[in-house]
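Residue numbers (our numbering): -11 to 505. C-beta atoms are modelled at their ideal positions from N, C-alpha and C, and glycine is treated no differently. So the structure is just underneath, and the comments pick up after that.
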Amino acid sequence: MLITEAVQTHAARQPEKTALVVDHRRLTYQELDKAINEAACELMAFENSFNEAGHTLVGFLLHNSVEFVQYFLAAAKLGICSALFDPKWADANIEAILEECRPAILVVGIDLLPRLASVPDTTKLIVIDSDSAVQEEIRGHSREGNTAPARAGFAGHRFPRNSTPDSIFYMGFTSGTTGMPKGFLRAQHSWLESFAQAKEAFGLSEADHVLGTGPLVHSLTIYAAIQTLYLGGTFYLPRRFKAAPALAMLEACPITHIYLVPTIFEALYYEAISQTPVFAAPQVKSLITTGDKWTPESKVKAGEVFPQAGIYEFYGASELSFVTVLDPAGNEARPDSIGKPFNGVEVSLRKPDGTEAGAGEVGQIFIRSGMIFSGYFNHADETKQVIHGEWATVGDLAMRDSEGFLYMVGRSNNMIISGGLNIYPEEIEKILLSLEEIEEAIVAGLPDAYWGQKVVALVKAKQDAVISDQDIMAHCRKRLASYKCPKEILRVESFPYTNSGKISRASIHDWLAGRVV
């Protein structure tokens, strides 16, 4: 059953059941199904735009909202691919990605409209303003030819476009080695497979009430939303996450499962213990988490606020989907591990010579499953680096013990994970080196109880040059997404180098580790 077919089935069987809650707005399954069809009619009014663009791609530049889910599912219904652009990106990145993708339609929040310095000529806009949605054709920032279609008359409508399991319906973005966001593509069948496997792994059902805590532009949250609606549960989402309102939602609503990254948990925890009496949510059955490893201290803290909740830590990647899961039993037995292979996933750890790594040996993670992505958008060569026949890898390294538990050894390409988000230091280093006062710079991740890893920049100023930490930070904030900006600047007089004359990242990491100790 395809995604929107499942929603339609739930609408017929339980029309008055609440499907979606975003802050104080609620939609029943019947209302959601109607809204999806309305949005599908609006999208189909732009059939000529799809023909002009030469592809069926709809871009999204939105904060969390009912309309985000509505239009995402409408596109899925039509077999149209939704590309999710992150409002946290720097304006230059948004402009560059728009130009590369050239979506036929861009669904944009009215509050984000000023962020659009330019829009491709073939791209039409649907501007979302609170509870209404209007379409406009945009040339730069001029708005001409308003021809908003009627939102009625969709009942019994036969859509000329239809989805199939092989339809590419979702484009998320991950950073490339240069830090520029890179689109990854998913067909419906990959998510349908993951729904089935995650339902069993996490014990999910249509009776569940699921809380998402992050932005819908991030894979974890949009996945949690669509999975919950596919299964027939109720999905809750704050428009913008803040710990106090999130706890209020937990107190007022019968939440049973929470999808979150460790950073969000830390924010919830410190807000919870600041209340009198200390806040607790005993109705929550599970915390489903990814992005970084939980510390033993955080797991103890979780028991204080969510005393009945099991912690499910999964390791995965945008390209691979689920790879391993550490369930509550695994957390007791091997808390330092990343768990065992996820349902439906075969894991191979390969040594540099291609042979299988034995117990206790380090190998590169290759997986085989029905959940692997379909490739990168406009990056065929990089797709070939990930997909190797039936197998796929993103270059991460792990080892396996005699009981089958896996342990992460290293992250590929020096990647930093901060607050559940992937950050490549090379991008930040380029921005730092654009300052004429900076001679050399290197960026690394330091362990941090809140962020998982925090971004630290080590800089060497040119002789006699003067620049303050505040000026360096301001320079970064103008040119980088906020989560990529260094949390700390360290001054150095010299760097260690490799034999080839490059700064030795390994030595820097060792020095930083010693500094922390």
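Here's a check: name, in chain order, each residue in its chain whose Cβ is nearer than 7 Å to the Cβ of residue 62, leaving out the five neighbours to either side.
For residue 62, where only same-chain residues beyond five positions count, the Cβ hits under 7 Å are 24, 27, 28, 31.
In terms of residue numbering, what span does the alpha helix (DSSP H) encompassing residue 47 cover?
Note, residue 47: premise wrong, no alpha helix (DSSP H); beta strand (DSSP E) at 45 to 49.
Considering just the uninterrupted stretch of the alpha helix (DSSP H) at residue 286, what are its terminal residues?
Here the alpha helix (DSSP H) through residue 286 covers 284 to 293.
Span of the beta strand (DSSP E) holding residue 2?
That residue, residue 2, is in no beta strand (DSSP E); it is neither H nor E in DSSP.
Can you check which of these residues, 427, 444, 469, 360, is closest to residue 450 by C-alpha distance?
For the options 427, 444, 469, 360, the alpha carbon positioned closest to that of residue 450 is the one of 427.
Apart from the five residues just before and just after residue 477, which ones in its own chain have a Cβ nearer than 6 Å to its Cβ?
Counting only Cβ-Cβ distances below 6 Å, and skipping sequence neighbours, we find 445, 457, 460.
State buried or exposed for residue 263, treating a residue as buried only when at least 16 other CB atoms are found within 10 Å of its CB.
Its Cβ having fewer than 16 others within 10 Å, residue 263 is exposed.
Residue 247 and residue 293 closer than 8 Å at C-beta:
For the 8 Å CB-CB criterion, residue 247 and residue 293 do not form a contact.
Tell me, please, whether the stretch 302 to 309 touches the stretch 355 to 365 by the rule of three or more beta-carbon pairs shorter than 8 Å.
Three or more beta-carbon pairs separated by less than 8 Å link the stretch 302 to 309 to the stretch 355 to 365, which places the two stretches in contact.
Excluding five sequence neighbours on each side, which residues of the same chain lie with their C-beta closer than 8 Å to the C-beta of residue 301?
So the qualifying residues of the chain are 277, 278, 281, 282, 313, 314, 319, 326, 327.
If you measure between the beta carbons of residue 337 and residue 388, is that distance less than 8 Å?
It is a contact, given that the beta carbons lie within the stated cut-off.
Per DSSP, which residues does residue 104 bridge with? Please list them.
Beta-bridge partners assigned by DSSP to residue 104: none are found.
Tell me the DSSP secondary structure of residue 465 in three-state form.
Look at residue 465 here: in three-state DSSP terms it is helix.
Can you give the Cα-Cα distance for residue 216 and residue 490, rounded to whole angstroms?
When rounded, the separation of the alpha-carbon atoms in residue 216 and residue 490 is 48 Å.
Need the endpoints of the beta strand (DSSP E) that residue 533 sits in, please.
In the structure as shown, the chain begins at -11 and stops at 505. Residue 533 is therefore absent and cannot be evaluated.
Identify the residues that DSSP records as bridge partners of residue 584: which are they?
This structure does not reach residue 584, given that the chain is present from -11 up to 505, and the question cannot be answered.
Pick out whichever of 81, 59, 109 has its Cα sitting closest to the Cα of residue 470.
Checked all of 81, 59, 109; the closest Cα to residue 470 is 81.
When DSSP labels each residue in this structure, what does residue 258 get in the three-state scheme?
Collapsing the DSSP output to three states places residue 258 in a helix.
Kindly indicate which three-state DSSP category residue 318 falls into: helix, strand or coil?
Three-state DSSP puts residue 318 in a helix.
Whole angstroms are fine: how far does the CA of residue 178 sit from the CA of residue -10?
Each residue's Cα considered, the two are about 11 Å apart.
Residue 33 in three-state terms, based on DSSP
Assigned with DSSP and collapsed to three states, residue 33 falls in coil, not helix or strand.
Would you mind listing the alpha helix (DSSP H) stretches within the stretch 322 to 409 that are 4+ residues and don't spill past its ends, in chain order?
Those alpha helix (DSSP H) runs which fall completely within the stretch 322 to 409 and span 4+ residues are 368 to 374.
Following the continuous beta strand (DSSP E) through residue 245, name the residue where it begins and the one where it ends.
Note, residue 245: beta strand (DSSP E), 245 to 248.
Are at least three pairs of beta-carbons, each pair with one atom in the stretch 184 to 195 and one in the stretch 90 to 107, less than 8 Å apart?
No: the two stretches stay apart, fewer than three of their Cβ pairs being nearer than 8 Å.
Mind checking which residues open and close the beta strand (DSSP E) that includes residue 222?
Boundaries of the beta strand (DSSP E) harbouring residue 222: 222 to 225, taken from the DSSP string.
Sub-8 Å separation of residue 287 and residue 299 beta-carbons
Yes, the Cβ-Cβ distance between residue 287 and residue 299 is below 8 Å.
Take residue 345 and list the residues in its own chain whose beta-carbon comes closer than 6 Å to its own, dropping the five residues that flank it on each side.
Counting only Cβ-Cβ distances below 6 Å, and skipping sequence neighbours, we find 337, 339, 351.
With distances taken between CB atoms, is the gap from residue 363 to residue 371 smaller than 8 Å?
Yes, they are a contact pair.
Throw me the rounded Cβ distance for the residue 181 and residue 377 pair, which I believe falls under 8 Å.
At roughly 18 Å, the Cβ-Cβ gap does not stay under 8 Å, so residue 181 and residue 377 are not in contact.
Please confirm whether residue 70 and residue 46 have their CB atoms less than 8 Å apart.
With contacts defined by Cβ atoms closer than 8 Å, residue 70 and residue 46 form a contacting pair.
If we call anything under 8 Å between Cβ atoms a contact, is residue -3 one with residue 7?
Note that the C-beta distance between residue -3 and residue 7 is not below 8 Å.
Quick one: what does DSSP say residue 281 is sitting in, helix, strand or coil?
In the structure shown, residue 281 sits in coil (DSSP, three-state: anything other than H, G, I, E or B).
Measure from the alpha carbon of residue 506 to the alpha carbon of each residue in 239, 303, 501, then state which is nearest.
Since the first and last residues shown for the chain are -11 and 505, residue 506 lies out of range.
Residue 360 vs residue 380 beta-carbon contact at 8 Å:
Going by C-beta atoms, residue 360 is nearer than 8 Å to residue 380.
So the candidates are 64, 73, 90, 49; which of them puts its Cα closest to the Cα of residue 37?
Distance check between residue 37 and each of 64, 73, 90, 49 places 90 closest, using alpha-carbon atoms only.
Spatially closest choice to residue -8 from 186, 416, 18, by CA coordinates:
If we check each option's Cα against that of residue -8, 18 comes out closest.
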